[in-house]
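Worksheet: one structure, shown below.
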Amino acid sequence: MLSLFVSVVRRDLLLAWRRRSDVLTALGFFLLVTSLFPLGVGPEPEQLSHIAAGVMWVAALLATLLSVSRLFESDEADGTLEQMLLSVEPLPVIVLGKVCAYWLLTGLPLVVIAPLIGLQFNLSADETLIVCATLLVGTPSLSLLGAVGASLTLGLRGGGALIALLVLPLYVPVLIFGAGALDAWRAGLGIQSHLALLSAVLLVALAVCPLASATALRIAQD
Amino acid sequence: MSDSPLTATRAPSSGFSLFYYASPQTFFPLAGKLLWPTWIIAIGLTIAGLYTGFFIAPTDATQGDSYRIIFIHVPAAWMSMVIYLVMAFWCAVGLIFNTRLSFMMSSALAPTGALWAFIALWTGALWGKPTWGTYWVWDARLTSELILFFLYCGYMALQAAIDDPRRADRAGALIAIVGAINVPIIYFSVKWWNTLHQGASVSLTQSPSMASTMLTGMLLMALAAWAYTIGVALVRVRAIMIERERHTDWVRQLGNATAGGSKA
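These protein sequences, in sequence, are chains Y and B.
Per our numbering, the first sequence starts with residue 13, numbered consecutively.
Per our numbering, the second sequence starts with residue 3, numbered consecutively.
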């Protein structure tokens, strides 16, 4: 099972490496959206540092949403998905491998680039570290929940808007705990509870989402 | 593929079975029989509840007469939450036992649930203006009710986007169940978020003691909302049954019986 997981991850990473521009789109979107906020709300440093965590989290949510709808698209187009469904190997593990590769390609870059945006938003080093930590724990949940939406809307008309309607309400807890950590730290409450809750959400998502996504794929290709 | 010819030829078994009414063919007449009693109960309870609420219940000491919207607001909020759970329950039953009627029931309930959620938000806003001086605060209950409304919208939008009814049923069922798992998580996350921010210092947990007539009125209205929901869901599920099973024999016979021989 582990070798199956590793081979799926390797395959998706290799495919992405051969088409590098696809990966950069979500990252570019993230950078662009966060850069729009100072233009919209004004460049006062205190105000920017006040909204920084929320802006980065909402941008991460939207960037995930934008790219996750393509998670199964190319596999469906060339028939690979059908082979995956027919295979004797457990489908949830295959889905988990795909989501893992997807997170490495779109979630992890957001965490890496976040300090740069922290600079733009006048965050101190400690504050930047907190935002990065929450993004590191929170973005895998976003990818997992997004995979459920992507498999449910696979091949449907109006897929992009539909996946937003399905998945965004489910993202609310992640957004609240993720963006709330910085506020809690500023209020002197510590961030352990927020990180623990984010991890709890991640564990539940790890248990439920691959199964739900695999079921949805079987429904879609029925 | 939902119009399987097998179901049309299956004769209703005589012995009692848990699944006897799980087939549209047998449930359709039962739903028709239940319809009128449900409507009568709904109308009767509404009249009784509104009379109690508007004429018998005393005026509130702090809020004046504006509190009387509670008789619509609270039952609507209750129903919106209960219906989502009932929907998720029927979806789970449908996925486990592969009964088509469960999915039909669930999609018949969804618009009513969304309607209750919308009414709860709307009346809440109207109530908020005189009591808190604002139509909307980002309170935990208001925010979770709004997200619940979005969950209903997502379920209905997903079902509407899929043409094949079998796939629409199952995909909708999956998102309803995932949503139901998420509802408590959303509620508590919003609650903690709200206590941390505490922007508007509005306490929604007042009303230390409620006059018993107020409570009676509210309970009557809540029961009326139940009856209305059951009635309207039965009407809708009957329409869905006929639409989905229009190629089967029993619907054709039904058409012959009611329309005096015209072919359905």
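The beta carbon of each residue, even a glycine, is placed where N, CA and C say it ideally should be.
- Rounded to a whole number of angstroms, what is the C-alpha to C-alpha distance between Cys112(Y) and Ala232(Y)? 22 angstroms
- Message: Between Ser108(B) and chain Y, is the shortest Cβ-Cβ distance under 7 angstroms, so that the two count as touching?
- Response: no
- Query: Quick one: is Ala228(Y) near chain B, going by C-beta distance under 7 angstroms?
  - Reply: yes
- Query: Looking only at C-alpha atoms, which of Gln161(B), Ala182(B) and Arg172(B) sits nearest to Leu2(B)?
  - Reply: Only positions 3 to 266 of chain B appear in the structure, and residue 2(B) is not among them; the question remains open.
- Task: Kindly say whether Gly156(B), judged by its beta-carbon, lies nearer than 7 angstroms to any beta-carbon of chain Y.
- Result: yes
- Contact between the region 172-190 of chain Y and the region 149-169 of chain B (3+ Cβ pairs under 8 angstroms): yes
- Show which residues of chain Y have a CB atom less than 9 angstroms away from the CB atom of Ser68(B). Residues of chain Y passing the Cβ test: none, with the nearest at roughly 31 angstroms.
- Item | Assigned exposure category for Tyr86(B) - 16 Cβ within 10 Å defines buried | buried
- Query: Which term fits Met106(B), buried or exposed, when burial requires 16 or more other beta carbons within 10 angstroms of its beta carbon?
  - Reply: buried
- Message: Please state whether the Cβ-Cβ distance between Tyr288(Y) and Ser155(Y) is less than 7 angstroms.
- Response: An answer regarding residue 288(Y) cannot be provided, because it is not within the stretch 13 to 234 covered by chain Y.
- Return no unless some Cβ of chain B is closer than 7 angstroms to the Cβ of Leu164(Y). yes
- May I ask which residues mark the beginning and end of the alpha helix (DSSP H) holding Ala159(B)? Ala142 to Ala163
- Message: If the cut-off is 7 angstroms on Cβ atoms, which residues from the region 165-181 of chain Y count as contacting chain B, listed in chain order?
- Response: Leu168, Arg169, Gly170, Leu174, Leu177, Leu178 and Pro181
- Complete runs of the alpha helix (DSSP H) confined to the region 108-136 of chain Y [at least 4 residues]: 120-132
- Report the three-state DSSP secondary structure of Gly170(Y) (helix, strand or coil). coil
- 6 angstroms CB neighbourhood of Ala224(Y) in its chain, flanking five on each side removed: Val160
- What residue range is occupied by the uninterrupted alpha helix (DSSP H) comprising Gln27(B)? Pro26 to Tyr53
- Continuous alpha helix (DSSP H) assignments of at least 4 residues falling wholly in the region 38-91 of chain Y: 57-80 and 85-89
- Cβ separation of Ile71(B) and Leu144(B), assumed to be a contact under 8 angstroms, to the nearest whole Å: At roughly 15 angstroms, the Cβ-Cβ gap does not stay under 8 angstroms, so Ile71(B) and Leu144(B) are not in contact.
- Item | Buried versus exposed call for Ile58(B) [16 or more other C-beta atoms within 10 Å across all chains shown] | exposed
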